[in-house]
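**Q** In the numbering used here, the protein residues as written are 545 to 705.
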Amino acid sequence: MFACQISFLENQGYKSAVLQKEPFQLKRRTLQAKSFEMVMKFNFIDSCGCPSTEIIVPLNFKVSRDCFELDKDAILQKLRHTAIQESCCGQNAVVERNALLTPKTDVIVYAIVTNVIRYKKTTEALEADSLSNGVKRRRESANGTETSRKRSKVHRRKPRF
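1) When we look at the beta-carbon of residue 679 and count the other beta-carbons within 10 Å, is it buried (16 or more) or exposed?
2) Let me check understanding here. Comparing Cα to Cα, which of 578, 564, 549 lies closest to residue 557?
3) Please report how far the alpha carbon of residue 596 lies from the alpha carbon of residue 646, in whole angstroms.
4) Within 10 angstroms of the Cβ of residue 564, are there 16 or more other Cβ atoms? Answer buried if so, exposed if not.
5) Where residue 656 and residue 567 are concerned, what is the direct C-alpha to C-alpha distance, given to the nearest angstrom?
6) Just checking residue 645 against the ligand SAM - is the residue's beta carbon closer than 7 Å to any of the ligand's heavy atoms?
7) Could you tell me the alpha carbon to alpha carbon distance between residue 676 and residue 626, rounded to whole angstroms?
8) Keeping to the same chain, check which residues put their C-beta closer than 8 Å to that of residue 560; ignore five residues upstream and five downstream.
9) In this structure, how does DSSP classify residue 628 when only helix, strand and coil are distinguished?
10) Could you compute how far the alpha carbon of residue 547 sits from the alpha carbon of residue 649?
11) Taking DSSP as the reference, what is the three-state secondary structure of residue 569?
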């Protein structure tokens, strides 16, 4: 499990946050006419090539009031497709909008999809990869590809005559 650190550009008066549980959720109150940029920082484990990555996500709360009926699943699928196919980080869109009469406010839910991929490996798998340098010898068999056993490094004695 990794955490996502959230901060805001231009010190807009919003508190930073560290999100631990996936899917990450963050709630903030803002003026309806205000738009801003949010920074998502993902910290990686020590064995990765880089310690972290940051994604800047622009959020615009000037959303049309006509978009009450939204297909959340279709929007998420489109965001995933764009993030993966076009290698674009931080795709976002409104997935839900509710108007509250008392107090008169709008609740707008954004979905943000990244192309950051998490690989799940157990400790034993990580240790095995580090011991074998991540390379396995393979051979073809009747059942498909199999991992071959390493040859032992036992020196054979020459027979005495």
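Even for Gly, the Cβ is constructed at its ideal location relative to N, Cα and C.
All figures in this text were calculated on a predicted structure; none of them were measured in a lab.
**A** If we stick to the structure as given:
1) Residue 679 sits at position 135 when you count from the first residue of the sequence shown. Residue confidence for residue 679 is low, a pLDDT of 47 falling below 50, so the modelled location carries little weight; the figure read from the coordinates is stated next. Exposed, by the Cβ-count rule.
2) Walking along the sequence shown from the start, residue 557 turns up at place 13. Residue 557 has its Cα closest to that of 578, out of 578, 564, 549.
3) On the sequence shown, residue 596 is found 52 positions in, with the first residue counted as 1. On the sequence shown, residue 646 is found 102 positions in, with the first residue counted as 1. Taking the straight line from one Cα to the other gives about 42 Å.
4) Within the sequence shown, numbered from 1, the residue matching residue 564 stands at position 20. With fewer than 16 Cβ atoms within 10 Å of its Cβ, residue 564 is classed as exposed.
5) Taking the sequence shown and counting its residues from 1, the one referred to as residue 656 is at position 112. Taking the sequence shown and counting its residues from 1, the one referred to as residue 567 is at position 23. Cα-Cα distance, rounded: 10 Å.
6) The ligand SAM is absent from the structure shown, which contains no ligand whatsoever.
7) One-based indexing of the sequence shown puts residue 676 at position 132. One-based indexing of the sequence shown puts residue 626 at position 82. Residue confidence for residue 676 is low, a pLDDT of 48 falling below 50, so the modelled location carries little weight; the figure read from the coordinates is stated next. Cα to Cα, the separation comes out at about 36 Å.
8) The residue given as residue 560 occupies position 16 in the sequence shown. Cβ within range, chain order: 549, 550, 551, 552.
9) Your numbering for residue 628 matches position 84 in the sequence shown. Three-state result, residue 628: helix.
10) Here residue 547 corresponds to residue number 3 of the sequence shown, with the count starting at 1. Here residue 649 corresponds to residue number 105 of the sequence shown, with the count starting at 1. Approximately 31 Å, taken between the alpha carbons.
11) Along the sequence shown, one-based indexing puts residue 569 at 25. In the structure shown, residue 569 sits in coil (DSSP, three-state: anything other than H, G, I, E or B).
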